[in-house]
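First the structure, in the form of structure tokens, and then the observations on it.
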């Protein structure tokens, strides 16, 4: 078996087995729950603390980029630290308390300490009148101001009178922090997996993605792979911009990529294609999700959303898609206190994990083969290949997979081509190719 | 700004503003009403009189082509003049009177003066049994005969007896007449706008088209444009054949074109594609109509209809589509006395006018640009570009337009490409490109 | 008229007329009924006897290929002969009798003569519990064993007790038999028509196909054609493998082909595309069936079914589709005694025959033409071409066909291209081209 054919030697099916485990959902959930309370922002100790927890699972590298550093068209902003924040009523009782929920503070808020009447205070308070029980998540990164967020009901309950509003935060020169873990494969070609780390206590968006990637990286770390896998946990927009700026000349090595967010809720899957629209990662994710759920929400690229915007910018054109369960901005809990740990579940996290693993399996193992006996069908019976599968309840599916692989293995069609055309799951197609290869009915014919 | 970039300098949005006016619908309607009573045919004084009215708005040129002139495979026919026509009953009362409605005479009818009993007369009378109140429109251009048209009800009311049928017409050598107005643009490339002038008192088909083009030509006359605009008011089939014959060597300059007919009624829009099917004019019209109405009737080319048949013939292959509201031959009033001035309205004429203007805007102003900061997204906030649009209620749409233009402006995608892919109206895309150009975020990259 | 133009000289419309006859359905049915009772298998006297009956209609050649002959990856198996088979009860009454229905024996069954109790006997009996009245059709070609097939009801009616099971069959060296008829055309390019001959008393699958091909071959035999037509009546899989093996170097001459089976039942048409998917035969069959029925079942190639599997194998890549009425394995009578002579009818056989003839007409006569007067439309009236068709009730369709052929005959579009785009039946398009050719409005421009 040549180096090319090696695609179907381990790793192969074994990649999926090695990456999976029965309790993967619980493990992802536990880490998500652990980092959920931390108050993250685009810079500051919250990001560092989160990365420290992830680093207990995977030996990631923490990068610090000083405030003021130029990054493409942007500049690294000041670092934000927050110690406390509250609104006290006339009786000096905390009616809004950052310690109870970090969404209460406008993220990246300037410090303030002021007394003011209710009418005046309201100018600095964000609520969601249509979802009166929930605290909204609001930010003000590039426009310095202060503010609070609270539920409409809580605001309505405040009596007239004077209030004290205090935000004990700091905006000062420091650094922007991001985490990176690189698993070296046989080639320099890279598969990028990226999640934003800037959101505070929002479970689905994006403790789910951060945690899933950490545990995927942990498992992948010990394996032999063809691709190099790069994991990024970075603040949204500015983090990706900074990373691209520092890796401007080597970013082209990224051949496939997925941004992950909102991967823990109970909706069906969403996949947003790359700008190119038919990249291998688009085909892989579409194939995988099409076999996992009846009607996955496969949508075309648009230049809004998460960091796929930056990766797909015309100066880089990296083939990076976005993977989610609920599509961002379409679910009621989005960017509210409703996006909490009850909104995500181990079972759904495990499904998302397995979808990504299945896509990795395709990208790793897709290959072309040549039918060694291409004239007519080989007589499978005399080789025991029907017997090999006959006892199986899936024998019809396996026979069909064998006929498809033999028929389309003309050196032009890859296993993914065959899987797409036959609508047979890629893994069965690949296992079948391995079986036929072992029976000298196929020969390797290169990578797609 | 280079010559290329000039696309988004005036003209640009200003083209639309300059061509529009609040009362454009009334103005088109008034001219249509003025020419409605004239008895036109493929040749003769009716055409000349109609062109004279149009010429009061726009300095068109009237061409006269003598009877017998060879034109491609055809020959210019004799000129038809008609002074009077009637059927009188035994009491010498006019029971059918050309002076009351010119549809009463078979168009291009040979002269006749004859007395004959009702049964014999009926052989020369056309009616519409299924629409017994309406007078049909019938012609006999290339087969000399005489005849009358009347409502079925009127025919049924005629008592037995002898009748006198008189058609005081002349068929004699003369000339075929067509009108032409050419607005010179910066280039020799042409945009053709063509309407048939041979139908008598039919308001939608085609007083509406004749009039719309006259008032569009009037407004365009004073403007600076990139394309040269050629307006043709010519008799159906033979008029286009004659024009093509006389412009055989220069017709290739026509890069885009639209035939207009039936543009005044109240139905949604119809656009029939060019033979090529995906010409720029097809894309422009499809885009425009898709944003004006929910389900425009966009149909493939077929070699029947109006003069797009001649322009799209395989020896010319000019990219000329057909624009209508109701599709010809599909509405009950089609080719009957029901197609009168009550069937068209100023509001609908104005909508049709604006659709054509929007298509012209696309053809004039489509251009490619290159994102000057293509790596990652430029920081729009620091340039006040979010501010520039933030106060707007349409700010989300404007932001999305900015992101789309930046993302796809790689020198390959034109503004129309971007408008199609983003489903954002072309004009907003073009305005956005102009804004980004003014902020040095785009550079011109040529014409599509 | 040049050789190219000759496409529309006879043959042309005349091909269809020559191949058709009013009673073709009855003729096919009669032959199907004649061969229905014969017990065929992949080898043996049943195949020979069937071919002898077909040979009474068409001078086919009978090929005998000895047992043990290597054929691609396969080996010609032993010959199977069967004289009698039965199950007798304790009273020596035949409770299952091969003489009453040859489906009662597992096809290609090894001989046996044994006494055994009911419980033991049942291990060798196949039934259809969900269709308890029907005898299933079962085979065991490459795995030597014995068995019977019977209805579930008949099995249930058997009392406990001892039974005698006898199969008087022979499996011994001999030969595999297939029939072939080649009609030589002007060129060596071939059109293959193939039907499997290995099924015993199953009327639709495939007495219908065997018989249809015999009578098509009979009629085609005397005709002048462009293509060479090759008819094959061969046992499924091994027959096609053997033929391909023996014609390995010349098989590439097959440019178009259709496998026929199940062409006599009352369902709409099924056509399974070639592996390539858009071969001329795919386009021809899709066009023909689209005009014969509202919603033909046009399905993509998959490597399972009949001998199209072998012809489309990657070492041959012959453009051979599959034509059926009911798709195999989708109708309740499939592979049961319900597939009898009452399940097929002359009318449905005639429709299937005419579909194939119409496809042959397209493959034979498709050609490209050039409009001699391509600038504008030619004036048809002065050539009497409107008159030529005006008196016809189909005159609108004929006029449209003329306009389409003139518009698209630019030397690039073939008649089939025009038929597809205009949705006008190919034969009308071809007749129209012939008329225009005769009027010097078209000139030949080659074959597609």
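Chains as they are written, first to last, in this note's numbering: chain B, 1 to 448; chain Y, 1001 to 1448; chain X, 2001 to 2448. Each residue gets a CB set at the ideal place from its N, CA and C atoms; glycine is no exception. A quick note: this is a predicted structure, and the numbers were derived from the prediction, not measured.
Per DSSP, cross-strand counterpart(s) of residue i
i, result
"residue 96 (chain B)", "B:87"
"residue 321 (chain B)", "B:258"
"residue 2062 (chain X)", "X:2179"
"residue 2230 (chain X)", "X:2182 and X:2192"
"residue 371 (chain B)", "B:442"
"residue 74 (chain B)", "B:71"
"residue 336 (chain B)", "B:136"
"residue 2112 (chain X)", "X:2167"
"residue 1149 (chain Y)", "Y:1126"
"residue 2017 (chain X)", "Per DSSP, none; premise fails for residue 2017 (chain X)."
Terminal residues of the beta strand (DSSP E) in which residue i lies
i, result
"residue 29 (chain B)", "Here residue 29 (chain B) belongs to no beta strand (DSSP E); instead the alpha helix (DSSP H) covers 24-35."
"residue 191 (chain B)", "190-196"
"residue 1271 (chain Y)", "1270-1272"
Same chain, Cβ closer than 6 Å to residue i, five either side skipped, listed in chain order
i, result
"residue 1380 (chain Y)", "1386"
"residue 2099 (chain X)", "none"
"residue 350 (chain B)", "24 and 25"
"residue 88 (chain B)", "94 and 164"
"residue 2046 (chain X)", "2038, 2039 and 2040"
Cβ shell of residue i (< 7 Å), same chain only, five flanking positions each side left out
i, result
"residue 2411 (chain X)", "2368, 2370 and 2445"
"residue 2114 (chain X)", "2165"
"residue 2118 (chain X)", "2158, 2160, 2161 and 2163"
"residue 1151 (chain Y)", "1127, 1132, 1133, 1134 and 1135"
"residue 1378 (chain Y)", "1406 and 1441"
"residue 2102 (chain X)", "2039, 2200 and 2201"
Cutoff 8 Å; reference residue i; Cβ partners in own chain excluding five residues on either side
i, result
"residue 388 (chain B)", "Residue placement at residue 388 (chain B) is poorly supported in this model, since its pLDDT is 48, which falls under 50; the coordinates still yield a value, given next. Once the five neighbours on either side are set aside, the close Cβ partners of residue 388 (chain B) are 435."
"residue 448 (chain B)", "280, 366, 367, 368, 414, 416 and 417"
"residue 1017 (chain Y)", "none"
"residue 1438 (chain Y)", "none"
Element boundaries [alpha helix (DSSP H), containing residue i]
i, result
"residue 2358 (chain X)", "2346-2365"
"residue 1981 (chain X)", "Lying outside 2001 to 2448, the shown extent of chain X, residue 1981 (chain X) is not represented and no answer is given."
"residue 2282 (chain X)", "2280-2292"
"residue 2050 (chain X)", "2045-2055"
"residue 1418 (chain Y)", "1415-1422"
"residue 297 (chain B)", "Run containing residue 297 (chain B): none in the alpha helix (DSSP H); it sits in the beta strand (DSSP E), 297-299."
"residue 2398 (chain X)", "2395-2408"
"residue 1219 (chain Y)", "1208-1220"
"residue 1121 (chain Y)", "1118-1121"
"residue 309 (chain B)", "308-311"
Closer than 7 Å: residue i CB and nearest the ligand SAM heavy atom
i, result
"residue 383 (chain B)", "Annotation note on the ligand SAM: not contained in the displayed structure, which lists no ligands."
Of the listed residues the options, nearest to residue i (C-alpha basis)
i, options, result
"residue 419 (chain B)", "B:361, B:174, B:65 and B:131", "B:361"
"residue 315 (chain B)", "Y:1399, Y:1373 and Y:1274", "Y:1373"
"residue 401 (chain B)", "X:2122, X:2302 and X:2077", "X:2302"
"residue 1187 (chain Y)", "Y:1141, Y:1175 and Y:1254", "Y:1254"
"residue 1062 (chain Y)", "Y:1068, Y:1421, Y:1044 and Y:1071", "Y:1044"
Per-residue contacts from residue i into chain C (C-beta, under 8 Å)
i, result
"residue 394 (chain B)", "Protein chains B, Y and X are contained in the structure displayed, whereas chain C is not."
Worksheet item: Is there contact here, the region 326-343 of chain B with the region 21-28 of chain B, by at least three beta-carbon pairs under 8 Å?
Response: no
Worksheet item: Does the pairing of the region 211-231 of chain B with the region 149-164 of chain B give three or more beta-carbon distances under 8 Å?
Response: no
Worksheet item: Three or more beta-carbon pairs under 8 Å between the region 1261-1274 of chain Y and the region 1286-1302 of chain Y, yes or no?
Response: yes
Worksheet item: Would the region 1104-1120 of chain Y and the region 1272-1282 of chain Y be scored as touching if the rule is three or more Cβ pairs under 8 Å?
Response: no
Worksheet entry | Touching by the beta-carbon criterion (3+ pairs, under 8 Å), the region 1174-1181 of chain Y and the region 1304-1324 of chain Y | no
Practice prompt. May I ask you to verify whether the region 1029-1046 of chain Y touches the region 1231-1243 of chain Y, counting CB pairs closer than 8 Å and requiring at least 3?
Written response: yes
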